[in-house]
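Chemist:
There are 2 protein chains.
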Amino acid sequence: MSLLEQTIGSIKTTLNQEAFEAAKDRLLNQAKPAGSLGVMEDISARLAAIKGCIDVKLTNKRIVTCAGDHGVTQEGISLFPAEVTPQMVLNFVGGGASVNVIAKHAGAIVKAADLGVNYDFDKDLPIFHKKVRHGTANFTKEPAMTREQAVQSIEAGIEIVEELMAEDPMDLLGTGDMGIGNTTPSSAIIAAFSGIPVEKLTGRGTGIDDAALKNKIAVIQKALDLHKPDPSDPIDILSKVGGLEIGGLAGLVLGAAAHGIPVICDGLISTAGALIACELAPTARQYLFASHKSVEIGHKYMHDRLGLTPLIDLQFRLGEGTGAAVCMELLDLATRTLADIKTFEEVGVTSA
Amino acid sequence: MSLLEQTIGSIKTTLNQEAFEAAKDRLLNQAKPAGSLGVMEDISARLAAIKGCIDVKLTNKRIVTCAGDHGVTQEGISLFPAEVTPQMVLNFVGGGASVNVIAKHAGAIVKAADLGVNYDFDKDLPIFHKKVRHGTANFTKEPAMTREQAVQSIEAGIEIVEELMAEDPMDLLGTGDMGIGNTTPSSAIIAAFSGIPVEKLTGRGTGIDDAALKNKIAVIQKALDLHKPDPSDPIDILSKVGGLEIGGLAGLVLGAAAHGIPVICDGLISTAGALIACELAPTARQYLFASHKSVEIGHKYMHDRLGLTPLIDLQFRLGEGTGAAVCMELLDLATRTLADIKTFEEVGVTSA
Numbered sequence: 062m063s064l065l066e067q068t069i070g071s072i073k074t075t076l077n078q079e080a081f082e083a084a085k086d087r088l089l090n091q092a093k094p095a096g097s098l099g100v101m102e103d104i105s106a107r108l109a110a111i112k113g114c115i116d117v118k119l120t121n122k123r124i125v126t127c128a129g130d131h132g133v134t135q136e137g138i139s140l141f142p143a144e145v146t147p148q149m150v151l152n153f154v155g156g157g158a159s160v161n162v163i164a165k166h167a168g169a170i171v172k173a174a175d176l177g178v179n180y181d182f183d184k185d186l187p188i189f190h191k192k193v194r195h196g197t198a199n200f201t202k203e204p205a206m207t208r209e210q211a212v213q214s215i216e217a218g219i220e221i222v223e224e225l226m227a228e229d230p231m232d233l234l235g236t237g238d239m240g241i242g243n244t245t246p247s248s249a250i251i252a253a254f255s256g257i258p259v260e261k262l263t264g265r266g267t268g269i270d271d272a273a274l275k276n277k278i279a280v281i282q283k284a285l286d287l288h289k290p291d292p293s294d295p296i297d298i299l300s301k302v303g304g305l306e307i308g309g310l311a312g313l314v315l316g317a318a319a320h321g322i323p324v325i326c327d328g329l330i331s332t333a334g335a336l337i338a339c340e341l342a343p344t345a346r347q348y349l350f351a352s353h354k355s356v357e358i359g360h361k362y363m364h365d366r367l368g369l370t371p372l373i374d375l376q377f378r379l380g381e382g383t384g385a386a387v388c389m390e391l392l393d394l395a396t397r398t399l400a401d402i403k404t405f406e407e408v409g410v411t412s413a
Numbered sequence: 062m063s064l065l066e067q068t069i070g071s072i073k074t075t076l077n078q079e080a081f082e083a084a085k086d087r088l089l090n091q092a093k094p095a096g097s098l099g100v101m102e103d104i105s106a107r108l109a110a111i112k113g114c115i116d117v118k119l120t121n122k123r124i125v126t127c128a129g130d131h132g133v134t135q136e137g138i139s140l141f142p143a144e145v146t147p148q149m150v151l152n153f154v155g156g157g158a159s160v161n162v163i164a165k166h167a168g169a170i171v172k173a174a175d176l177g178v179n180y181d182f183d184k185d186l187p188i189f190h191k192k193v194r195h196g197t198a199n200f201t202k203e204p205a206m207t208r209e210q211a212v213q214s215i216e217a218g219i220e221i222v223e224e225l226m227a228e229d230p231m232d233l234l235g236t237g238d239m240g241i242g243n244t245t246p247s248s249a250i251i252a253a254f255s256g257i258p259v260e261k262l263t264g265r266g267t268g269i270d271d272a273a274l275k276n277k278i279a280v281i282q283k284a285l286d287l288h289k290p291d292p293s294d295p296i297d298i299l300s301k302v303g304g305l306e307i308g309g310l311a312g313l314v315l316g317a318a319a320h321g322i323p324v325i326c327d328g329l330i331s332t333a334g335a336l337i338a339c340e341l342a343p344t345a346r347q348y349l350f351a352s353h354k355s356v357e358i359g360h361k362y363m364h365d366r367l368g369l370t371p372l373i374d375l376q377f378r379l380g381e382g383t384g385a386a387v388c389m390e391l392l393d394l395a396t397r398t399l400a401d402i403k404t405f406e407e408v409g410v411t412s413a
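Quick note, the sequences are listed as chains A and B, same order.
Residues in the first sequence are numbered from 62 upward in steps of one, following my numbering.
Residues in the second sequence are numbered from 62 upward in steps of one, following my numbering.
Here you go:
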């Protein structure tokens, strides 16, 4: 059995129902109007069900930012040149990027992963070295990668989780991405799964103008028409119109779910990865939290398909794991509200 | 000149434009797509303009939860009995309430204030003792309070800020409320200012049913018809259909603005107070941040009138300062993203 099959097979089919009921019961008895902490209550109950206890501690937090390059950048779909991908990986290592700053605030450690950057990093660089190939092919001309490489990219994500757990077990994982051009495969993925017209799913990425947006839509349509990815086969979609870091992001979700670890996914690209994961293993969704609603219009359709509501909308469109990092603080807070807010009985307040 | 007039007079008419421009410039040069941290960027630039520097430190954070009782509870407008107001004040002091737990996570200190609770607290209780009277009158029969008492409640809020600043200058103030029945005066206040029909502005508070909601709307309408508060006179509105803690909340905003301190307001009741403050002194708005969008339907109309967009919507309807406390972490984070995310030049990344 492959690592991928083995991982999918080891994801539990249900969460801890006893802990979930105990959480719901405590929430109802806390000295506040029933349900008045809204979404925070739902999150805290789900985290209790994942961890099997009321007093969940999310101490060790990790964000893994998966990087990859995209042959389709040849088609002029991004504002930034592809050389920015490796530059930003070095920026993550240096600690000066957006995700580093936000993760630090959330008490999370960021680690970058090379799934398919078109650059040879020094082997001593403290990143996950998981290069499958030097960037995808230009999928307007040929499939982005082979089916084997797609599986390899997902398994690389699973391996990253295994390595993190072996080193120092984490309590919460956040996903993030870096890859110039990667909103294009992400929009292509949700289009392939949903059949929704490409123009409804495609946004401006890092900030392209009207003409470039029109071109981007045409590029995605061309790839879909050429390869006809099978909507019932997530690996077919990933290999034909996906990205190597997107495969890695899918693997992170599957690996975390297999270990019973909550995983919070970031923006359009991370959610494309989460979508691949949950189409392969619907039970993985139990462990998944959607962080923010991106400015990228395709994001909403991904959330709809996953049946998840993002926690915040701060008009982010950055990736890297920035939205996931912001929301780690909210998940952490949710655990505190469940465990630490006292009940009517505990504090002698009259209930309704 | 009264304390109120003096405070309003000392609010600056404009923020530090130089710091604002420097912030905007740095945001544009950070190694990320321009504007990609959305609302976070706007917040950070406004905080820079308030504090007059790029590297804003929000170290000392305070939440003041103003409490008061409401004679209108006689009309059956709340699910909880009025005795819960003093019980919850004691809960805030004990540290077991929702706002305590959330504030602790945000690194903020909570202090309750008695503006008009219908209970005599021990004078040694560590709260702000600012009782104007033992609860408002039932405003379906007479004005909630006199005009003098309305001014006194606002000035009590200003005094609280003065006392906090004298003790240990704060960098950020959050507002919160406690007062059984206080969504009723809050909805009445926005109805009085805006002229919008009461049924469009009135929600279920702590969770009343359809019949009780209908009664609540009728109660508010009756008070507005009886007292005809002058929409151009915030103190007239506060005295006729307001609340003592709402006056205190208005005073907190004015006091903070006069000291150049950013202030983050909580839900429906805190925002009613902020509305009174900003109608008295429109320049106070520069220092004001709306935290969350409450489930209470009147909240939106308050935000519209204030020209503020709430940062989050987690379906809260609790008050106490809970939403303000959650958003303190976001304001703190915003300061870090502005100061600490490196520029393209600093990290050698190619810009677009």
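Every residue gets a Cβ at the ideal spot worked out from N, C-alpha and C, and that includes glycine.
Examine chain B for any beta-carbon lying closer than 8 Å to the beta-carbon of A/Ser-331, and answer yes or no.
Modeler: A/Ser-331 does not count as touching chain B.
Chemist: What are the start and end residues of each continuous alpha helix (DSSP H) run of 4 or more residues lying completely inside the region 127–160 of chain A, in chain order?
Modeler: Entirely contained in the region 127–160 of chain A, the alpha helix (DSSP H) runs reaching 4 residues are, in chain order, 145–155.
Chemist: With respect to 7 Å, is the separation between the Cβ of B/Ser-331 and the closest non-hydrogen atom of the ligand ADP below this value?
Modeler: Among the ligands in the structure shown, none appear at all, so the ligand ADP cannot be discussed.
Chemist: Run down chain B in chain order and give the residues with a C-beta less than 9 Å from the C-beta of A/Asn-152.
Modeler: The contacting residues are Ala-92, Lys-403, Val-408, Gly-409, Val-410.
Chemist: Going along chain A, which residues have a C-beta under 8 Å from B/Phe-200?
Modeler: Correct list: empty, because the minimum Cβ distance to chain A is about 23 Å.
Chemist: Alpha helix (DSSP H) containing B/Thr-267: first to last residue?
Modeler: Neither: B/Thr-267 is in no alpha helix (DSSP H) and is coded neither H nor E.
Chemist: May I ask you to report which of helix, strand or coil DSSP gives B/Cys-388?
Modeler: Helix at B/Cys-388.
Chemist: What first and last residue would you give for the alpha helix (DSSP H) that runs through B/Asp-103?
Modeler: From DSSP, the alpha helix (DSSP H) with B/Asp-103 extends over 99–112.
Chemist: DSSP three-state call for B/Arg-123: helix, strand or coil?
Modeler: It is a strand residue.
Chemist: Scan the region 188–258 of chain B and note each continuous beta strand (DSSP E) run of 3 residues or more that stays entirely inside, going in chain order.
Modeler: For the region 188–258 of chain B, whole beta strand (DSSP E) runs of length 3 or above, ordered along the chain, are 233–239.
Chemist: By the three-class DSSP mapping on this structure, what secondary structure does B/Gly-96 have?
Modeler: It is coil, neither helix nor strand.
Chemist: Looking at C-alpha atoms only, which residue of A/Leu-329, A/Asp-185, A/Glu-260 is the closest neighbour of A/Gly-415?
Modeler: Lying before the first or after the last residue shown, residue 415 of chain A is absent from chain A, which here runs from 62 to 413.
Chemist: Using a Cβ cut-off of 8 Å, which residues of the region 94–107 of chain A contact any Cβ in chain B, in chain order?
Modeler: Residues Pro-94, Ala-95, Gly-96, Ser-97, Leu-98, Gly-99, Val-100, Met-101.
Chemist: For a minimum of 4 consecutive residues, which ranges assigned as the alpha helix (DSSP H) are wholly contained in the region 337–371 of chain B?
Modeler: Whole alpha helix (DSSP H) segments, 4+ residues: 359–367.
Chemist: Residues of the region 344–355 of chain B with a CB closer than 8 Å to any CB of chain A: list them in chain order, please.
Modeler: Correct list: empty, as no residue qualifies.
Chemist: How is B/Thr-75 classed by DSSP in three states: helix, strand or coil?
Modeler: In the structure shown, B/Thr-75 sits in coil (DSSP, three-state: anything other than H, G, I, E or B).
Chemist: Do A/Val-150 and A/Val-419 count as a contact pair if the criterion is CB distance below 8 Å?
Modeler: This structure cannot speak to residue 419 of chain A, because chain A is shown only from 62 to 413.
Chemist: How big is the Cα-Cα spacing for B/Asn-121 and A/Gly-312?
Modeler: Distance between the alpha carbons of B/Asn-121 and A/Gly-312 is about 42 Å.
Chemist: Which bits of chain B does A/Glu-144 rub up against, with CB to CB less than 8 Å?
Modeler: Thr-411, listed in chain order.
Chemist: Assign A/Leu-435 to one of three DSSP states: helix, strand, or coil.
Modeler: Beyond the ends of chain A as shown, which are 62 and 413, falls residue 435 of chain A; an answer cannot be given.
Chemist: Rounded C-beta distance between B/Ile-219 and B/Leu-341? I'm assuming under 8 Å.
Modeler: Actually they do not touch by this definition, with Cβ atoms about 11 Å apart.
Chemist: Return the CA-CA distance between B/Gly-303 and A/Ala-80, expressed in angstroms with no decimal places.
Modeler: Answer to the nearest angstrom: the Cα atoms are 43 Å apart.
Chemist: When you compare the region 140–160 of chain B with the region 398–405 of chain A, are there three or more beta-carbon pairs, one atom per stretch, that lie closer than 8 Å?
Modeler: Contact between the region 140–160 of chain B and the region 398–405 of chain A is present, because at least three Cβ pairs lie under 8 Å.
Chemist: Verify the CB distance criterion: does A/Gln-423 have a CB-CB separation below 8 Å to chain B?
Modeler: What the structure shows of chain A is the stretch from 62 to 413, and residue 423 of chain A is not part of that stretch, so it cannot be assessed.
Chemist: Using beta-carbon positions only, say whether A/Ile-307 and A/Ile-250 come within less than 8 Å of one another.
Modeler: In contact: A/Ile-307 and A/Ile-250 (Cβ atoms closer than 8 Å).
Chemist: Quick one: does B/Glu-390 have its CB under 8 Å from some CB of chain A?
Modeler: At least one chain A Cβ lies under 8 Å of B/Glu-390.
Chemist: Residues of chain A with a CB under 9 Å from the CB of B/Gly-268: which are they?
Modeler: Within 9 Å Cβ-Cβ: Pro-94, Ala-95, Gly-96, Ser-97, Ala-413.
Chemist: If contacts are defined as beta-carbon pairs under 8 Å, then B/Leu-76 and B/Gly-129 qualify, I think. What distance do you get, rounded to the angstrom?
Modeler: With 8 Å as the limit, B/Leu-76 and B/Gly-129 do not qualify as a contact, their Cβ atoms being about 32 Å apart.
Chemist: List the residues of chain A whose Cβ lies closer than 8 Å to the Cβ of B/Thr-398, in chain order.
Modeler: Those within 8 Å of B/Thr-398 in chain A are Ser-159, Val-162, Ile-163.
Chemist: With a cut-off of 8 Å on the beta carbons, I'd call B/Ile-337 and B/Leu-299 a contact; round off their distance for me.
Modeler: B/Ile-337 to B/Leu-299, Cβ: 5 Å. Contact.
Chemist: Does the beta carbon of A/Asp-111 come closer than 8 Å to any beta carbon on chain B?
Modeler: The question names Asp, but residue 111 of chain A in the sequence shown is Ile. Closer than 8 Å: no.
Chemist: With distances taken Cα to Cα, identify the nearest neighbour of A/Pro-246 among A/Met-389, A/Leu-349, A/Met-206, A/Thr-370.
Modeler: The shortest Cα separation from A/Pro-246 among A/Met-389, A/Leu-349, A/Met-206, A/Thr-370 belongs to A/Met-206.
Chemist: Using the C-alpha atoms, what's the distance from B/Leu-375 back to B/Lys-73?
Modeler: So the alpha carbons of these two residues sit roughly 33 Å apart.
Chemist: Mind checking which residues open and close the alpha helix (DSSP H) that includes A/Ile-325?
Modeler: A/Ile-325 -> not in any alpha helix (DSSP H); beta strand (DSSP E) instead, spanning 324–326.
Chemist: Would you mind telling me which residues of chain B sit closer than 8 Å to A/Met-149, beta carbon to beta carbon, in chain order?
Modeler: Ordered by position in chain B, the residues that pass the 8 Å Cβ test against A/Met-149 are Ala-92, Val-410.
Chemist: Counting beta carbon pairs with one atom in the region 180–190 of chain A and one in the region 106–118 of chain A, are three or more of them shorter than 8 Å?
Modeler: In short, these stretches do not touch, since the Cβ pair count stays below three.
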